[in-house]
Amino acid sequence: MTIQVLNGANLGRLGLREPEKYGTTTYAELVELVESAAAQLGLQVQVRQTDDEGQLLRWVYEATDAGSPIVINPGGWSHTSVVLHDALAATRAPVLEVHLTNIHRREEFRHFSYVSRVAEGVIAGLGVDGYLLALRWLAARDHR
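Set out below in structure tokens:
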């Protein structure tokens with residue numbers, strides 16, 4: 002089984018977009034970091050990023066149909082997308098929500114997440130390490 006690591010809008014701009022908030026790790030470096038950590042844990046991952054909400058939904062449907070766990074950083078869609086909530090609510094495997102920043106210490110509109118309502122767990126504010134913690138959690142529960 003392959004864990005789907007899905008990234009939403011603006012995540013492809015990591016390292017360039019507001020590095021004081023999101024860090025200097027580029028998206029390519031994040032992909033490499035996640036793939037390397039997964040290999041060390043004996044996990045298979047597919048890391049994807051899109052600025053198209055429809056594409057993100059299609060990937061969620063694919064993961065749901067395959068019974069694959071999802072690690073998702075939906076970016077701003079966390080706070081706006083009821084449709085993403087509904088798609089993730091239909092999954093049978095665990096969903097872990099990851100945010101590079103602590104959304105609860107930021108603007109008030111970021112404090113609410115539709116995704117959190119259906120996620121098994123939420124990791125926020127730990128930068129790219131949040132992805133690695135999510136993979137470790139899945140490995141410990143043997144969701145392969």
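For the sequence shown, this note's numbering begins at 2 and goes up steadily by one. All C-beta atoms in this analysis are idealised placements derived from N, C-alpha and C, irrespective of residue type, glycine included. Keep in mind that this is a model prediction, so the values were computed, not measured.
For residue i, three-class secondary structure by DSSP
| i | result |
| --- | --- |
| A40 | helix |
| T3 | strand |
| G122 | strand |
| V35 | helix |
| E63 | helix |
| R14 | helix |
Rounded separation between residue i and residue j - CA only
| i | j | result |
| --- | --- | --- |
| A91 | L17 | 34 Å |
| L7 | E108 | 24 Å |
| L133 | L127 | 10 Å |
| W78 | H100 | 12 Å |
| D52 | D143 | 31 Å |
| T81 | E36 | 29 Å |
| A125 | G9 | 15 Å |
| I71 | V48 | 10 Å |
Beta-carbon proximity check, residue i vs residue j, cutoff 8 Å
| i | j | result |
| --- | --- | --- |
| L89 | V61 | yes |
| V123 | L34 | no |
| Y28 | Q50 | yes |
| A40 | L136 | no |
| L42 | P95 | no |
| V116 | L85 | yes |
**Request:** Tell me, please, whether the stretch 66 to 82 touches the stretch 19 to 27 by the rule of three or more beta-carbon pairs shorter than 8 Å.
**Result:** The stretch 66 to 82 and the stretch 19 to 27 do not touch, with fewer than 3 CB-CB distances between them shorter than 8 Å.
**Request:** Would you list, in sequence order, the uninterrupted beta strand (DSSP E) runs of no fewer than 3 residues that lie entirely inside the stretch 73 to 139?
**Result:** Here the runs fully enclosed are 96 to 100, 122 to 125.
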